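Quick note: the sequence shown, position 74, residue 105 per this note's numbering, numbers continuous.
A quick write-up on the structure given underneath.
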Amino acid sequence: MLEECKALSNETRLAILEWLKDPATHFPGTEGDEAGVCVGLIQRRAGCSISTISAHLAILMRAGFLRATRRGQWIHYRRDEDRIRAFTARLHRDL
């Protein structure tokens, strides 16, 4: 649980999770894209360098909050809703 809490301790990472909860609103043109949102769109919205956004996404991946799908040269990210629900249930149960 510590890895997940560390991942959530950053404002940018929290924003990414919020944006990916409703990608059609935050990333117009991605409606119905099962693969998720490409890293370039996330990077532009966050206003971070590509290396910084990559580090944030890697932390969220290690915590289990995101899934990644490669499409050509781009990686698309989406939330892992099952893992997020399991984490919040464990947090509720244990605290």
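Built from N, CA and C at the ideal position, the CB exists for glycine as well.
Being a predicted model, the structure only gives us computed values, none of them experimental.
Exercise. What are the start and end residues of each continuous alpha helix (DSSP H) run of 4 or more residues lying completely inside the segment 79 to 119, in chain order?
Worked result: 81 to 93
For this session: Mind checking which residues open and close the alpha helix (DSSP H) that includes Thr43?
Result: 42 to 52
Exercise. Can you name, in chain order, every residue of its own chain whose Cβ lies under 8 Å from the Cβ of His87, other than the five neighbours on each side?
Worked result: Asn41, Thr43, Arg44, Ile47, Ala77, Cys79
Exercise. According to the Cβ coordinates, are Ala55 and Arg102 closer than 7 Å?
Worked result: no
Problem set entry | Through-space distance from Lys52 to Ile115, alpha-carbon basis | 11 Å
Exercise. Who are the near neighbours of Glu49 in its chain, counting only those whose CB is closer than 6 Å to its CB and skipping five residues on each side?
Worked result: Within the same chain, no residue comes within 6 Å of Glu49 by CB-CB distance, once the 5 residues on both sides are set aside.
Exercise. Alpha helix (DSSP H) containing Glu65: first to last residue?
Worked result: Run containing Glu65: none; DSSP gives neither H nor E here.
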